[in-house]
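Reviewing the structure listed below.
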Amino acid sequence: MTVYRPSHGDTVEDTTIKRIGKVMGFEGPYVQVRPVGGGLEWDARPENLQPVTGAEALSSAVALANARSRGEQL
Numbered sequence: 001m002t003v004y005r006p007s008h009g010d011t012v013e014d015t016t017i018k019r020i021g022k023v024m025g026f027e028g029p030y031v032q033v034r035p036v037g038g039g040l041e042w043d044a045r046p047e048n049l050q051p052v053t054g055a056e057a058l059s060s061a062v063a064l065a066n067a068r069s070r071g072e073q074l
């Protein structure tokens with residue numbers, strides 16, 4: 001099995017919390033990930049990240065935009 005190693009700018013899913021974001025940087029053993037639509041970064045363990053397709057990233061961004069249009073807090 002090939003181990004995925006995220007790179008700066010990759011779009012990834014954090015499988016532990018089921019969130020999609022962009023890799024912003026690295027701090028110690030963690031990867032800093034920011035939500036696709038912007039917001040606060042979170043720390044993720046590299047082994048919990050997997051790459052996402054363009055379609056998955058777009059779907060996540062559309063879901064975020066729809067929630068914001070309904071006035072939901074994210």
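The opening residue of the sequence shown carries number 1 in the UniProt record's numbering; numbering runs sequentially from there.
Cβ atoms here follow ideal geometry from the backbone N, Cα and C, with glycine treated the same way.
The Cβ atoms of V31 and L49 lie closer than 8 Å to each other. Of the other Cβ atoms in all chains shown, fewer than 16 fall within 10 Å of the Cβ of T53; this residue is therefore exposed.
DSSP places Y30 inside the beta strand (DSSP E), whose first and last residues are Y30 to P35. Within the same chain, and ignoring the five residues on either side of P35 in sequence, the residues whose Cβ sits closer than 6 Å to its Cβ are G21.
In the structure shown, R19 falls within a strand segment according to DSSP collapsed to helix, strand and coil. For V12, the uninterrupted beta strand (DSSP E) segment begins and ends at T11 to D14. Your pair E41 and M24 checks out as a contact, with CB atoms roughly 6 Å apart and the cut at 8 Å.
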